[in-house]
Amino acid sequence: MSSETDIYKKPEYVSVMPDTDYSDAEVNKVLTPEQKIQLYRDMVRIRRFEERSIRVYQQGKIGGFLHLYIGQEAIAVGTVSLLGADDHVITAYRDHGHALAVGMNMNECMAELCGKHTGCSKGKGGSMHFFAPDKNYWGGHGIVGGQTPLGAGIAYALKYRGLKGCCLCFMGDGAVNQGAVHEAFNLAQLWELPVIYVIENNGYSMGTSQVRSSAFNEYLAKRAEGYAMAWDVVNGNDIYSVRAATAEAIKRAHNESMPTLLEIITYRYRGHSMSDPDKTYREKKEIQDYKEKKDPITVFQNILLAEKVLTDDLIQSIDKEARQEAEDAANFADQSPFPPEESILEDIYWEEDNRSEETTSQGTIIFE
Amino acid sequence: MAQITYRQAINDALSEEVERDENVVIMGEEVAQFDGAYKVTEGMLKRFGPKRIVDTPISEAGFIGMGIGAAMLGIRPVMELMFWSFSYVAFDQLCNNAAAVRYMSGGLINCPIVVRGPANGGTNVGATHSHTPENLVANHPGIKVVCPSNAYDAKGLMKTAIRDNDPVFVMENTILYNDKWEVPEEEYLVPLGKANLLREGKDLSIIAHGRAAITSLRAAEELKAKHDIDVEVLDLRSIRPLDEEAILETVKKTNNVLLVEENKPFCGVGAQISFLIQEKAFDHLDAPIRRISSIDAPQIYCKKLEDIQIPSVARVVNKVLEMA
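In the order they appear, the protein sequences are chains A and B. Numbered per our numbering, the first sequence spans residues 1327 to 1694. Numbered per our numbering, the second sequence spans residues 9 to 332.
Here it is as structure tokens:
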């Protein structure tokens, strides 16, 4: 075991950030200035939403867990920006960023955090369980790695129906040591499923660094080789890189119906959840270093300033609008009602919620 | 009416539903090329092809989870567990994802999956292959649990389960697979939550499910023939939903109740039934409710002792003689 001082040490064999430049990739070259601004705006919106939710949490209005996406925004925005009508998304419990990226609005998300009836899951799911099937967004799953077989199933359903789509299935770096993940990898490759598994490697599975939790062979994604699955490692602080690598994976899914494992290296600035004081397992200067030099929003901002797509005025107005949108969402959540008591017993069984002449079950299904 | 086996009845149900609905897929370990570990899916690969009848690797968490994901998009997978005992490595998928995805999404998603396979002891295979988790899974709101005791029910309940828009877990019994029962040629469905009075009687009520209902029926026949005791046998058919009305009706008729199940006793299905009876028919009881279940130990390997561990006709007869 590592000594106490060793836990901050990053041996060379952990996943290291690749420095490939993808700004010339076709998928980025075709972006219009408006599309680039929208990508930037979407990242800022996620950041401001998360920051506003911290205050709501600190006011005691959000219960339980709150896992923040701050620092990882380029991944959700970059990957989701490439999806079409038959492409789907499923993720783990750090799910707010993906929810906003697929087009869920801040109001329904903030209200869900507060357990309100106007939340996306009517206050029944909470922070870890956002869903929007109308936007091909299948959650929001609380158990580490538990969503990865579901991701394979979504891809299976697409293939079964003969649709040219794929499923983006996100997980954290901690998930790669769960059995269900490896079962899903095996099935995905064995059955040639159009699923793209994305490891958002933020360096820590809760408070345990990747080197203390995972046996490494250079990269976590390299484990895909055990299944003969295609894999890649991506700089998650550069949205162009994220888009370039994801586009390749989508092409593989759509054209060959084959899976890909992407390891996107990123960093979270906040603790694992709001209940993590973040004082025991990493040094402040490590966080500071990321914020100053590698922040995905700042990185993209600088690129777009250099490209003369963004101006200082535009940066400020985007930021102001995002802050206002988050503020309005907090107010919306605040003013929304809690779900009525009787709703505890709704949404358990489809059949109970859709009683008609066609429903066949008899007897008692909800017990006192 | 023709008699067919419990195994054939399930095969017929699966085949009819595969034929009826293009979204129905049969999946599991050895269901296709091997013709089924217990031959339940025999001939189906040849008849329907590999898109509809799919062999999975030994990977329950993976393939059950995969089925759940596909079901969220409207595919109707019927997943075979070679033994329900193997569900324990897929418990997260079954009891977090299948059970709760509708609730956690505020009703936006439903999961029309069927998970089926044998859940029984009595086959001389030891503790790891003899679990009866109907009580365990029924403790998770969102899941429906069905335990057919005979070929007629197995077919009718299976077809209903496949058409159901909620997750339905069907617990079969390998010892029953060869049992024959009258099954009509024409199509029929058996609704979930409707108990079946296997035998009418006036002296005492036995309430049971799965193979324990058949054991109880044999015991009742012996009690009538040898002791002139007239026992009523109510087969629950499904655990959740539960036919509370039929339970209360038989209690009110005979005023004396024996619960028989192959579950282990602690928090078994019988615990729920006796709670119901004491709450809603207390004044109709002439005596305390009695129960026979599997003896409270991990399933023993030794066949001679396992036959003692699970409820037998002799144990039921003796218990009724004590009570009558």
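Quick reminder that beta carbons are idealized off the backbone N, C-alpha and C, glycines included. None of the values given here were measured: they were computed from a predicted structure.
Start-to-end residues for the beta strand (DSSP E) that takes in residue i
i, result
"A:F1496", "1493 to 1498"
"B:E190", "188 to 190"
"B:D63", "61 to 63"
"B:I18", "Where B:I18 is concerned, there is no enclosing beta strand (DSSP E), although the alpha helix (DSSP H) it sits in stretches over 14 to 28."
"B:H217", "Premise fails: B:H217 is in no beta strand (DSSP E) and is neither H nor E."
"B:P85", "84 to 88"
"A:R1594", "It is not in any beta strand (DSSP E) - A:R1594 carries neither H nor E in the DSSP assignment."
"A:Y1523", "1521 to 1527"
"A:I1670", "Segment: none, A:I1670 is in no beta strand (DSSP E) and carries neither H nor E."
"B:M35", "32 to 36"
"A:S1560", "Inspection of the sequence shows that residue 1560 of chain A is occupied by Val rather than by Ser. A:V1560 -> beta strand (DSSP E) spans 1556 to 1561."
"B:D243", "239 to 243"
"B:G125", "122 to 126"
"B:V153", "152 to 154"
"B:I300", "298 to 300"
Among the options, the one whose alpha carbon lies nearest that of residue i
i, options, result
"A:A1481", "A:H1393, A:C1493, A:N1354", "A:C1493"
"B:P175", "B:R245, B:A279, B:A79", "B:A79"
"B:G209", "B:M112, B:R171, B:E252, B:K261", "B:K261"
"A:H1424", "A:I1372, A:H1443, A:Y1523", "A:I1372"
"B:G82", "B:D291, B:L206, B:V33", "B:V33"
"B:D294", "B:N271, B:L266, B:V153, B:K47", "B:L266"
"B:T182", "B:L212, B:V133, B:K202", "B:V133"
"A:A1652", "A:S1687, A:P1344, A:R1378", "A:R1378"
"B:A108", "A:W1464, A:A1411, A:M1436, A:H1422", "A:W1464"
"A:Q1296", "A:E1683, A:Y1545, A:A1659", "Here chain A comprises residues numbered 1327 to 1694, so residue 1296 of chain A is not present and cannot be evaluated."
"B:E269", "B:V259, B:I300, B:S282, B:V178", "B:I300"
"B:D43", "B:V26, B:Y196, B:V62, B:E27", "B:V62"
"B:K234", "B:A159, B:I303, B:N326", "B:N326"
"A:H1508", "A:T1534, A:K1548, A:L1484, A:G1529", "A:K1548"
"B:T140", "B:N128, B:P149, B:N147, B:G150", "B:N128"
"B:D315", "B:G130, B:E68, B:R110", "B:G130"
"A:E1352", "A:Y1566, A:E1684, A:N1503, A:D1679", "A:Y1566"
"B:S95", "B:L231, B:A289, B:V178", "B:V178"
"A:W1676", "B:K312, B:Q16, B:G77, B:I151", "B:I151"
Run of the alpha helix (DSSP H) containing residue i, from where it starts to where it stops
i, result
"B:N143", "142 to 146"
"A:W1676", "1676 to 1679"
"A:N1628", "1622 to 1632"
"A:G1479", "1473 to 1486"
"A:H1424", "1422 to 1427"
"A:L1365", "1359 to 1384"
"A:I1644", "1638 to 1661"
C-beta contact flag for residue i and residue j at 7 angstroms
i, j, result
"B:P126", "B:F99", "no"
"A:T1474", "A:A1427", "no"
"B:K188", "B:A21", "no"
"A:H1598", "A:M1532", "yes"
"B:A322", "B:I237", "no"
"B:R124", "B:E88", "yes"
"B:N263", "B:N173", "no"
"A:V1568", "A:V1559", "no"
"B:V333", "B:L225", "Within the shown structure, residues of chain B are numbered from 9 to 332, placing residue 333 of chain B beyond reach of any answer."
"A:E1589", "A:N1527", "yes"
"A:L1600", "A:L1408", "Note that residue 1600 of chain A corresponds to Met in the displayed sequence, not to Leu. Not in contact: A:M1600 and A:L1408 (Cβ atoms no closer than 7 angstroms)."
"A:K1362", "A:L1630", "yes"
"B:N204", "B:R245", "yes"
"A:G1488", "B:D251", "no"
"A:A1478", "A:L1516", "no"
"A:R1596", "A:I1396", "yes"
"B:L165", "B:V154", "yes"
"A:P1585", "A:A1514", "yes"
"B:I121", "B:P149", "no"
"A:Q1536", "A:V1340", "yes"
"A:N1563", "A:V1625", "yes"
Taking beta-carbon pairs under 7 angstroms, can you tell me which members of the segment 1501 to 1514 of chain A lie near chain B? G1505, A1506, E1509, A1510, N1512, L1513
The segment 1668 to 1683 of chain A: positions lying closer than 8 angstroms to chain B by Cβ: E1672, D1673, I1674, Y1675, W1676, E1677, D1679, N1680
According to a CB-to-CB cut-off of less than 7 angstroms, which residues of the segment 116 to 133 of chain B neighbour chain A? L116, I117, N118
Taking a Cβ distance cut-off of 9 angstroms, strictly less, list which residues of the segment 1475 to 1494 of chain A are near chain B, in chain order. P1475, L1476, G1477, A1478, G1479, I1480, A1481, Y1482, A1483, L1484, Y1486, R1487, C1493
Closer than 8 angstroms, Cβ to any Cβ of chain A: which residues of the segment 173 to 203 of chain B, in chain order? Listed in sequence order: N173, D174, L197, P199, L200, G201, K202, A203.
Members of the segment 1450 to 1462 of chain A near chain B, C-beta cut-off 7 angstroms: K1450, G1451, H1455, F1457, P1459
Residue ranges of each beta strand (DSSP E) run of no fewer than 3 residues wholly in the segment 164 to 207 of chain B, ordered along the chain? 176 to 180, 188 to 190, 204 to 207
Using a Cβ-Cβ cut-off of less than 9 angstroms, list which residues of the segment 67 to 100 of chain B approach chain A; keep chain order. S67, E68, A69, G70, F71, I72, G73, M74, G75, I76, G77, A78, A79, M80, L81, G82, I83, P85, V97, A98, D100
4-residue-minimum alpha helix (DSSP H) runs that sit fully inside the segment 1390 to 1440 of chain A, ordered along the chain: 1399 to 1406, 1422 to 1427, 1432 to 1439
Using a Cβ-Cβ cut-off of less than 8 angstroms, give me the residues of the segment 1629 to 1649 of chain A that come near chain B, in sequence order. Within the segment 1629 to 1649 of chain A, not one residue has a Cβ closer than 8 angstroms to any Cβ of chain B.
Using Cβ-Cβ distances below 8 angstroms, what residues of the segment 1510 to 1540 of chain A are close to chain B? A1510, N1512, L1513, L1516
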